[in-house]
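Working notes, structure below.
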Amino acid sequence: MKEKEIKQLIRSSPDDGYRQLFEQYHAYALAVIYRTLSGKVSSKEAEDCVVDVFADVIMHCDTSSDGNIQAYIGAAARNRAITLKRAKAASEWYTVPEEAAGDVPDCGTDVEKAAENSETLRLVLAKIDELDEPDPTIIIQKYFFGRSSAEIADIVGMSPAAVRVRLSRALKRLRTVLEELGVTL
Amino acid sequence: MKNEKKLSELIGSADNETLRKIADSHPMLSEKRKDELYERISARTKQSEEYAESVSGVEVRSSRGASRFVGFAAALALIIGTLGGGGLLLKQRMGVTPSAEIEDSVDEADEEVIIEETTAEEAAEEPEYVPDYDYDSIARDLTERFIKAESVIQCYQAETDPNDTITFYVWDDGDEEWSQNYGGERRFRKVTDERFSSCYDILAYYNETVAESKKVGIRSGKELNTQCSMSSWIGGDVSQYEPGSTVHFNRNENYPDSVGALIRAVYIDYNGELYMRDFNTDEYMEEQFSSDPVCYDFTDNSFMVSRYMIPGYTSYGVMKYGEEKIYTIILDNGEWKLASMETGAQVEYNAAIGVQSYLESREEYNDINIDASPLMRNMEVTSYDSEKGLADVHGILQDVNGTDAIEITATCLVSRGHLGVCSAEITRLNVYDGTLKRQSVIYKETREANE
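As given, the protein sequences belong to chains A and B, one line each in that order. So the first sequence is numbered by the working numbering: it starts at -1 and just counts up by one. So the second sequence is numbered by the working numbering: it starts at -4 and just counts up by one.
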C-alpha cells in the first residue's frame, strides 16, 4: 500500500490505518535502529525502540499533511536509537567509540569511500538475493542484524538447528562470490 | 585481498532507501511478535489519550494521531485564552499557521474537539487568572540544575585528577571475541570535584530536581531523558576487587552488579573514594540551554516548559539552536519538581530531514548527496521561529562525487510531527548530469521496475 493510501486509511479508519502503517514500516524502523547502533543491539532493545517509535508517530506525526511519513519514521527511529546509544556509550559493551556517543554516522566526510561501500553493499545484497529463500532472510538476519539462530528460527518458522544448517550451506555458496568483492563474513 | 570489509560493517554505509529495500525484502518479525508489539503500541497511545482527557476535561473523539493532540491543545488554549492570562501562551504555542497546509490541519483538528465539561462561556465567568508562582524562575532553576546533573552523569562533567588512577581488567570467559575487542582495561580517575564524594552524591544531585516518583537509585527507576537505568553510568561500590586484577565473568550467566559497574559505569566507588572512567572526554561538553524557558499549560499543580538545549556531545558540529526539551513540572509535596522530559523540535536535524525529503522527491536532484550528516554540516540555520516552528536554512550541497552542485535557501518546518519544506530556492552550481544518481535512486528505480 502506498503512503498516500495509508494516510487515507488513517483518516477513514484510524485503527486499521495505523496497523497498516506499522505493518508497512516496522521493518524499516528496525533496520534504521540496527544501522544506527551498528547492529550491536539486542532484539528486545530494538523492539522496545520500535514500540517507542510508532507510539511517537501515532501521537505526534501529522498524517493529515503532505509530509513524508517514511522520513518521519526514519528520523524517529534514528533518534530513539541514538538515545539508546548514549546510554550504552559508556559501557562499551557495543564498542561505541567516544566520538560516536549520539552522533549520526559520519558517512559524508569521505564521499569516495561512502560511494564505494554503498556500491559494494548493493552487489552483496544482489548476490544474497540470488540465493533461494529462506537463505537470504537467514543471512540478512544473522549478519546485518546480529540475530541468534533461535530468533531467526522464530521468523522463518524453522528449528534453530535447521537454521544453523541452512546458514552454513548458504554461506559456503556465498563465500567465494563475496571474497571476490573483498567482503568477509 | 585488498580493502577487505566485513559484511556486518557494510550496513553502516546503507542509506535509507537501501534499508527500505532490505526491510521490504526480508521479514524482520514473526506475525506473533508483530501482534505483541502492536498491542504494546496501542496500549501506550491509549494511555496517553486517557491521560490527556483526564487532565483536560476535554473529550477528543477522533483518534487521528497528531491532530488529536493538536485538537486537545487547541481546546485547552481556548479555555486558557478566555481566562485572560493565557494570551501569551496562545501565541507561543498555538495561534500560528505557518502555511496553508498546517492551517488546514489545525482547522480540521479543531472540528474534532468537543468541550463537554467547560465551555468557553462558562470559562469566561471565572475570575481572572493570576499566576500564583514565579513560574519562569522555577522553570529556569529546575531545568538548569537538571542538565547540570545530566552533564555530570552522561557527559563526564566533573573535576578529576588524571594522575590518580586505578585500573581493573574485565574478561568475558564465554565470549572471547568480545573480550578481545571490548574487554580488558578499565581505568578510572579519582574525582576531585568538591560536590561529590560518592556515587550516591551524584544520584542525590540528580534526584534533587525530580519528583518523588521519578527518583532513581543505581538500579531502580529510569532516567528522565533516556529512560535507561542509572547503572548505565553510575556503578556503585567495587571495593572487593583488587586494582590491577582481572575480573572474569560470563555474560550468559549471572554475575554481580559490581562486575557490571566495572564493565560499563562512568562512576564507581572504591574504598570510600569516587572515581570516574578515564575516557576521552574531548568529545563531550557541558549541556547548555540556547533559549530561556517558556512556560505554558498551567494547572494548580503543574505546568509545562519548553526550552532549547545544545546537546553535550560535540560531534554534531556547530549548533545554534539544538533541540527543544519539553518538561512537565509538578507540585510534589509542596515543592516544584520535574516529572517528565521529552524532545520536541530538533532544529538543525529536522531541517536537514525536511530538505532531504524535499530533494528526494525531485528527479532533477537525483545526483545530490542527501545523507543527513552532510546536510547538517553544509547547511546553516540562519533563523528560527519557535512560535511557528519554522527554520530558514542556507547552504551549498554536493553531489555524490563531492562536487558543489546546488545552493539552497529554504524555509523548513522543524517542529515535532511537522517535517517538511515550505519554500525553497535552489540554484544549480554545476551542469546536471542525468546519469549521476545516488545509490538510493538506483534502488528505487529498480524496485519500481519490479513492481
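The beta carbon of each residue, even a glycine, is placed where N, CA and C say it ideally should be.
Residue environment, residue i, which counts as buried when at least 16 other CB atoms sit within 10 Å
| i | result |
| --- | --- |
| E214 of chain B | Rather than Glu, the amino acid found at residue 214 of chain B in this sequence is Arg. It is exposed - the Cβ of R214 of chain B has fewer than 16 other Cβ atoms within 10 Å. |
| I391 of chain B | exposed |
| E172 of chain B | exposed |
| D399 of chain B | exposed |
| Y291 of chain B | buried |
| Y128 of chain B | exposed |
| N364 of chain B | buried |
| E406 of chain B | In the sequence under discussion, the amino acid at residue 406 of chain B is Thr, which differs from the Glu named in the question. Its Cβ being crowded by 16 or more others within 10 Å, T406 of chain B is buried. |
| S240 of chain B | exposed |
| Q152 of chain B | buried |
| M374 of chain B | buried |
| R164 of chain A | buried |
| V426 of chain B | exposed |
| E45 of chain A | buried |
| L71 of chain B | Bear in mind that a pLDDT of 33 at L71 of chain B, under 50, signals an unreliable position, so the model cannot answer this. |
| N77 of chain A | buried |
| S226 of chain B | buried |
| E207 of chain B | exposed |
| T118 of chain A | buried |
Three-state secondary structure assigned by DSSP to residue i
| i | result |
| --- | --- |
| V163 of chain A | helix |
| S215 of chain B | coil |
| T221 of chain B | coil |
| M(-1) of chain A | coil |
| T118 of chain A | helix |
| F20 of chain A | helix |
| H21 of chain B | coil |
| P158 of chain A | helix |
| P251 of chain B | coil |
| D60 of chain A | coil |
| I365 of chain B | coil |
| A400 of chain B | strand |
| K447 of chain B | Since the first residue shown for chain B is -4 and the last is 446, residue 447 of chain B is missing from the structure and cannot be characterised. |
| T81 of chain A | helix |
| T377 of chain B | strand |
| Y128 of chain B | coil |
| C150 of chain B | coil |
| W173 of chain B | helix |
| S418 of chain B | strand |
| G15 of chain A | helix |
| E337 of chain B | strand |
| E330 of chain B | strand |
| E107 of chain B | Low per-residue confidence applies at E107 of chain B: pLDDT is 36, beneath 50, and the placement is therefore not dependable, though the value from the model is reported in the following sentence. Reduced to three states, the DSSP call for E107 of chain B is helix. |
| R173 of chain A | helix |
| V181 of chain A | strand |
| D133 of chain A | helix |
| K210 of chain B | coil |
| G349 of chain B | helix |
CB of residue i within 9 Å of CB of residue j, strictly
| i | j | result |
| --- | --- | --- |
| Y200 of chain B | V147 of chain B | yes |
| R433 of chain B | D159 of chain B | no |
| T221 of chain B | F141 of chain B | no |
| R182 of chain B | T155 of chain B | no |
| L431 of chain B | N345 of chain B | no |
| A340 of chain B | R411 of chain B | yes |
| L385 of chain B | L408 of chain B | yes |
| L269 of chain B | V233 of chain B | no |
| F284 of chain B | T323 of chain B | no |
| G72 of chain A | V30 of chain A | yes |
| S356 of chain B | L414 of chain B | no |
| I150 of chain A | T174 of chain A | no |
Sheet register partners of residue i (DSSP bridge)
| i | result |
| --- | --- |
| Y236 of chain B | In DSSP, Y236 of chain B forms no bridge with anything. |
| G267 of chain B | DSSP lists no partner for G267 of chain B. |
| S297 of chain B | B:I325 |
| T162 of chain B | B:R182 |
| F284 of chain B | B:M304 |
| L385 of chain B | B:D380, B:L408 |
| Q393 of chain B | B:D399 |
| D156 of chain B | B:K185 |
heavy atom of the ligand ADP below 8 Å from residue i C-beta
| i | result |
| --- | --- |
| G230 of chain B | Among the components of this structure there are no ligands whatsoever, and the ligand ADP is therefore not found. |
Note down, in chain order, all residues in the segment 45 to 67 of chain A with a beta-carbon under 7 Å from any beta-carbon belonging to chain B. Shown in chain order are the members of the segment 45 to 67 of chain A whose Cβ falls below 7 Å from a Cβ of chain B: E45, V48, V49, F52, A53, I56, M57, H58, C59, D60, T61, S62, S63, D64, G65, N66.
Return the residues of the segment 10 to 26 of chain B that lie within a Cβ-Cβ distance of less than 9 Å from chain A, sorted by chain order. Answer set for the segment 10 to 26 of chain B: D10, N11, T13, L14, R15, K16, I17, A18, D19, S20, H21, P22, M23, L24, S25.
Using a Cβ-Cβ cut-off of less than 9 Å, list which residues of the segment 406 to 423 of chain B approach chain A; keep chain order. Per Cβ criterion, the list reads L408, R411, G412, H413, L414, G415.
Members of the segment 204 to 232 of chain B that neighbour chain A once the beta carbon cut-off is set at 9 Å: From the segment 204 to 232 of chain B, only E218, N220, T221, Q222, C223, S224, S227, W228 have a Cβ closer than 9 Å to chain A.
Can you pull out the residues from the segment 29 to 41 of chain B whose beta carbon lies closer than 7 Å to at least one beta carbon of chain A? Answer in chain order: K29, L32, Y33, R35, I36, R39, T40.
Listed from N- to C-terminal order along the chain, which residues in the segment 153 to 170 of chain A have their beta-carbon within a distance smaller than 7 Å of any beta-carbon of chain B? For the segment 153 to 170 of chain A, which is checked against every Cβ of chain B, the residues closer than 7 Å are I153.
Going along the chain, which residues of the segment 120 to 132 of chain A sit with their C-beta nearer than 8 Å to a C-beta in chain B? Across the segment 120 to 132 of chain A, CB contacts with chain B closer than 8 Å involve R120, V122, L123, D127, in sequence order along the chain.
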